[in-house]
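Step one of this worksheet: look at the structure below.
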Amino acid sequence: MPPHQRSPRSPQDERDRSIISSGSIPALVSPKTITTSHGGGRRNPIGGWIGVVGGVGDGIRRFVALSFGLSAVVILLSLAVACLRVERALFAAIPGNDLRQGGGGRRRSSSDHDVDAMTRALMNANIGSLGPSNTARSSMRYYDSLFYTALQYGARAESVLEVGCASDPFVRYLDWIKERTCVAPYFVDYANSVEKITADFMEYELPNNRRYDLLLCNQVLEHVHQPALFMRKLINSAETSIISVPFNWGNCGKLCNHVNNNIILETLLGWSAPHKPIHSGIVTEKVNYKFNRRIILVYKTSGTSTSSTTDEEMIAIEGVNATGKISKGTGEALKNDETVDISDGQMVQEMRALEQ
Numbered sequence: 305m306p307p308h309q310r311s312p313r314s315p316q317d318e319r320d321r322s323i324i325s326s327g328s329i330p331a332l333v334s335p336k337t338i339t340t341s342h343g344g345g346r347r348n349p350i351g352g353w354i355g356v357v358g359g360v361g362d363g364i365r366r367f368v369a370l371s372f373g374l375s376a377v378v379i380l381l382s383l384a385v386a387c388l389r390v391e392r393a394l395f396a397a398i399p400g401n402d403l404r405q406g407g408g409g410r411r412r413s414s415s416d417h418d419v420d421a422m423t424r425a426l427m428n429a430n431i432g433s434l435g436p437s438n439t440a441r442s443s444m445r446y447y448d449s450l451f452y453t454a455l456q457y458g459a460r461a462e463s464v465l466e467v468g469c470a471s472d473p474f475v476r477y478l479d480w481i482k483e484r485t486c487v488a489p490y491f492v493d494y495a496n497s498v499e500k501i502t503a504d505f506m507e508y509e510l511p512n513n514r515r516y517d518l519l520l521c522n523q524v525l526e527h528v529h530q531p532a533l534f535m536r537k538l539i540n541s542a543e544t545s546i547i548s549v550p551f552n553w554g555n556c557g558k559l560c561n562h563v564n565n566n567i568i569l570e571t572l573l574g575w576s577a578p579h580k581p582i583h584s585g586i587v588t589e590k591v592n593y594k595f596n597r598r599i600i601l602v603y604k605t606s607g608t609s610t611s612s613t614t615d616e617e618m619i620a621i622e623g624v625n626a627t628g629k630i631s632k633g634t635g636e637a638l639k640n641d642e643t644v645d646i647s648d649g650q651m652v653q654e655m656r657a658l659e660q
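Here is the structure:
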């Protein structure tokens, strides 16, 4: 086109020509401003919306992070409060404990020393080896069950009587109990922490007609010729009695020299009537052996009882046989001196059979 026919160049065109001819090109053009050939500028709507969306996204991310953080704090605080409540409930459930607030924290009650003694007894007990030392019975789980039963039902006991503990008495493990006494017709040497009384239990008079807080009689009734009278005296000699016998053992002959065989729960209920146990459990040893089960019963009584058999305890029938089944009789009450004829020598022989 002839030069005289070309339209006049605008100032912007002149600047563009000078930039191109000089070889220098702008690095970038801002996405927010577009410069037109007519001069001036306008906002880029797409770039603006990108900025807005980015800002909103950052805000949402910060809000979500803050929400998660606050939720985690709330959860941790809730767990801490729940753990504290559980700890307080467990502590309060221990007999003798008293939770009181004051002085900025929890104060120990006057009975805390009993709890400490029980804790020490539990820590010191050689669980798994509580049976008679140097015997095949030393690792029987039955003795572990006895210990936990005594811990559960004798937690507040201050006195305990064990009947038939000629050697290695079990009460030596119950060292949270201050007064521990053992009654048996003979003894071997053992720790002086247990008081020894050499006597036939049926002839033993409880001092001042007292009742012990806890009584243990383990694996003895099967050796006694008058188990009903024996068992009633056991139960009436203490507030809580823990009694155990072999469960449903047949005649094991000279291996164990039992007088009473095939003892089951109904047998014991017949012997202990009118008293009824508040707990019963059968312990089975690990070994696969026909003589591997024993039954543990817990009795609770209240009130004062004399050391001898009372009128209410007299058998109002002819007798109770060795299996505990009540036989028909004349209805005449048997006097105590007519039914108890266990000599010291006979009892010694029966008690020694326990150690075989």
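The numbers in the sequence shown follow the numbering used here, run straight up by one, and end at 660. Just so it is clear, CB atoms sit at the ideal spot from N, CA and C, and this is done for glycine as well. Because the structure is a prediction, the values reported are computed rather than measured.
Got a sec? Which residues, its chain only, sit under 7 Å from residue i by beta carbon, not counting five neighbours each side?
i    : result
L288 : Since the displayed the chain opens at 305 and closes at 660, residue 288 lies outside it and no answer follows.
P473 : E466, C486, Y494, V498
C556 : H562, F595
P511 : none
S437 : D472
Which one of the options has the shortest CA to CA distance from residue i?
i    : options                : result
V419 : L388, L478, R366       : L478
W480 : Q456, G468, V487       : Q456
S463 : E499, N428, I547       : E499
E526 : P436, I501, N552, R389 : N552
L519 : S471, R597, L601, S443 : L601
R597 : L380, I586, Y516       : I586
I547 : V563, C556, L573       : L573
A532 : C521, Y516, W575, A461 : W575
P453 : I567, R424, G557, S545 : Note that residue 453 is Thr in the sequence shown, not Pro. T453 has its Cα closest to that of S545, out of I567, R424, G557, S545.
A425 : A369, S371, R476       : R476
Start and end of the alpha helix (DSSP H) containing residue i?
i    : result
A459 : Neither: A459 is in no alpha helix (DSSP H) and is coded neither H nor E.
R536 : 531 to 540
L569 : 569 to 576
Taking Cβ to Cβ, would you say residue i is nearer than 8 Å to residue j?
i    : j    : result
V549 : Q523 : yes
P581 : Y603 : yes
E509 : T605 : no
G554 : N565 : yes
C521 : G468 : yes
V563 : V528 : yes
Note the first and the last residue of the continuous beta strand (DSSP E) segment covering residue i.
i    : result
T588 : 583 to 588
T485 : 483 to 488
V528 : Unbroken run through V528: none, as it is neither H nor E.
D517 : 516 to 522
Y603 : 597 to 604
Quick check on residue i - is its C-beta less than 8 Å from some C-beta in chain D?
i    : result
T544 : Any reference to chain D falls outside this structure, which holds one protein chain only.
Whose C-beta lies closer than 6 Å to the C-beta of residue i among residues of the same chain, with five residues either side of it excluded?
i    : result
G435 : R441, S442, M444, Y447
I501 : V487
F534 : V528
K537 : none
V368 : none
R366 : none
R484 : V464, V475, V498
S375 : none
Quick one: residues in its chain with C-beta nearer than 8 Å to the C-beta of residue i, no 5 flanking neighbours on either side, listed in chain order?
i    : result
I567 : L525, E526, V549, P550, F551, N552, W553, I599, T627, G628
A421 : D479, W480
D517 : G458, R460, A461, E462, S463, V464, I481, A542, E543, T544
R514 : none
S433 : S442, S443
K558 : none
I364 : none
At a cut-off of 7 Å, would you count residue i as near the ligand ZN, judging by its Cβ distance to the nearest heavy atom?
i    : result
L519 : Of ligands this structure carries none, so the ligand ZN is not represented either.
If you pair each beta-carbon of the stretch 424 to 436 with each one of the stretch 445 to 456, do three or more pairs fall below 8 Å? Here the stretch 424 to 436 makes contact with the stretch 445 to 456; the two share three or more CB pairs at distances below 8 Å.
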